[in-house]
Amino acid sequence: MLDDRKAAILRVVVQEYIETAQPVGSAHVAQAASLAVSSATVRNEMAVLEHEGYLVQPHTSAGRIPTDKGYRFFVDQLTAPGILEAEQRQRVRDFFETAHGEIERMLHDTSRLLSSLTHYAAVVVSPPHEEAIIRSVQVVGLAPRVALVVVVLANGVVEKRTIELGEGVDDARLAAAAARLSAHLVGQTLSIGGRAWSTGDELTDTVVTTALGSLGGSHAAEPDQVFMGGVARMTGGFDAVETVRQVLGTLEQQYVVVTLLRDVLDRGLSVAIGSEHGLEQLATCAVVVAPYEVEGMSGTVGLLGPTRMNYPLALAAVALVSQRLGKRLSEG
89 MLDDRKAAIL
99 RVVVQEYIET
109 AQPVGSAHVA
119 QAASLAVSSA
129 TVRNEMAVLE
139 HEGYLVQPHT
149 SAGRIPTDKG
159 YRFFVDQLTA
169 PGILEAEQRQ
179 RVRDFFETAH
189 GEIERMLHDT
199 SRLLSSLTHY
209 AAVVVSPPHE
219 EAIIRSVQVV
229 GLAPRVALVV
239 VVLANGVVEK
249 RTIELGEGVD
259 DARLAAAAAR
269 LSAHLVGQTL
279 SIGGRAWSTG
289 DELTDTVVTT
299 ALGSLGGSHA
309 AEPDQVFMGG
319 VARMTGGFDA
329 VETVRQVLGT
339 LEQQYVVVTL
349 LRDVLDRGLS
359 VAIGSEHGLE
369 QLATCAVVVA
379 PYEVEGMSGT
389 VGLLGPTRMN
399 YPLALAAVAL
409 VSQRLGKRLS
419 EG
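Just so we're aligned, residue 89 is where the sequence shown starts under my numbering, counting upward by one.
Next up, the structure:
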């Protein structure tokens with residue numbers, strides 16, 4: 089634990105470094121912290137903080153910059169997320185009041201919105217496909233021997249499968265097949281088998297069986313949908329070109345990103361800083377995450393940026409966007 093003076097000094101160093109990206113000197117801290125002590129006293133306290141691993145001096149005669157431990161202390165001392173500006177909050181309200189269309193477009197646009205609020209890379213992961221509850225099933229004729237199976241899921245995803253029909257399948261049989269599928273599938277998940285339920289009519293039963301075959305097991309091969317926005321915005325937060333290249337290369341691996349976000353949430357964290365998240369390629373990054381709920385299913389909203397991240401802003405933005413996204417998707 090740090091005493092009040094050391095804690096105040098550390099907060100000033102973190103806040104100043106987040107804003108300027110320049111090492112922070114004792115004279116500046118003495119003024120900003122309002123401690124009524126000399127810069128020499130502040131310098132001594134900063135030396136102690138360096139010794140205890142909260143600060144580091146990048147080179148001789150320079151000021152100090154925070155370590156991952158210093159950022160962690162700063163984040164843990166936050167009593168609440170920051171507050172977005174009125175204009176930013178209005179942008180979020182306007183976005184979700186007018187957002188419509190397919191869920192893929194909405195999640196993609198949400199990632200761009202979150203990035204524009206923070207200037208970090210934003211990631212939105214859809215709820216796992218296999219957990220999605222089926223809301224409705226339709227079978228629509230497209231041509232004399234072709235039909236479209238349309239399944240609407242509770243997470244907003246619309247599954248579409250084209251199937252071939254046998255001779256003699258008319259609109260009445262398509263409607264009967266859709267009714268039979270709806271009776272057994274609505275309220276269930278996509279984890280369905282290939283079992284058919286007899287209607288007493290051979291042609292209708294064939295449509296039911298074919299439709300089930302087009303849907304069954306298809307979800308297992310589908311990865312989680314990942315939508316990323318503002319990756320280019322984030323690169324300005326890193327000094328070394330090689331670091332930028334490594335970070336961008338990692339973000340292209342969507343499976344790695346999804347695993348990272350879910351692992352952070354599974355450990356009960358909303359912020360993982362540097363080495364805390366365990367991914368060496370992103371050791372210079374911080375991750376801020378929050379889940380969003382859609383009828384019992386969880387997706388993930390996250391931000392990735394340098395460890396010199398504006399944590400109060402990032403926490404506020406992620407909290408608001410995840411809450412509004414879950415509400416919007418649940419409303420349908």
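Beta carbons are placed, not taken as given, at the ideal position from N, Cα and C, and that holds for glycine.
{"Asked": "Can you tell me whether L166 is buried or exposed, with buried defined as 16 or more other CB within 10 angstroms of its CB?", "Found": "exposed"}
{"Asked": "Whose CA, out of Q369, G393 and K415, lies closest to the CA of G387?", "Found": "K415"}
{"Asked": "What does a CB cutoff of less than 6 Å around Q176 pick up in its chain, not counting 5 residues either side in sequence?", "Found": "L205"}
{"Asked": "Taking just the CA atoms, how far does V274 sit from L413?", "Found": "24 Å"}
{"Asked": "What is the DSSP secondary structure of H307, counted as helix, strand or coil?", "Found": "Its pLDDT being 48, under 50, H307 is placed unreliably in this model, and the coordinates cannot settle the point."}
{"Asked": "Determine the closest residue to T277 out of Y105, T323, G384 and T129, with distance taken between C-alpha atoms.", "Found": "G384"}
{"Asked": "Rounded to whole angstroms, what's the CA-CA distance from Q411 to A168? Just pull it up for me.", "Found": "16 Å"}
{"Asked": "For the alpha helix (DSSP H) containing E419, list its first residue and its last residue.", "Found": "Y399 to E419"}
{"Asked": "From the DSSP output, which residues share a beta bridge with Y380?", "Found": "G387"}
{"Asked": "Return helix, strand or coil for I430, following the three-state DSSP convention.", "Found": "There is no way to answer for residue 430, as the model of the chain reaches only from 89 to 420."}
{"Asked": "Using the C-alpha atoms, what's the distance from P232 back to D293?", "Found": "18 Å"}
{"Asked": "On the three-pair Cβ rule with 8 Å, is the region 252–271 touching the region 209–216?", "Found": "no"}
{"Asked": "Got a sec? Which residues, its chain only, sit under 6 Å from A360 by beta carbon, not counting five neighbours each side?", "Found": "V352 and V375"}
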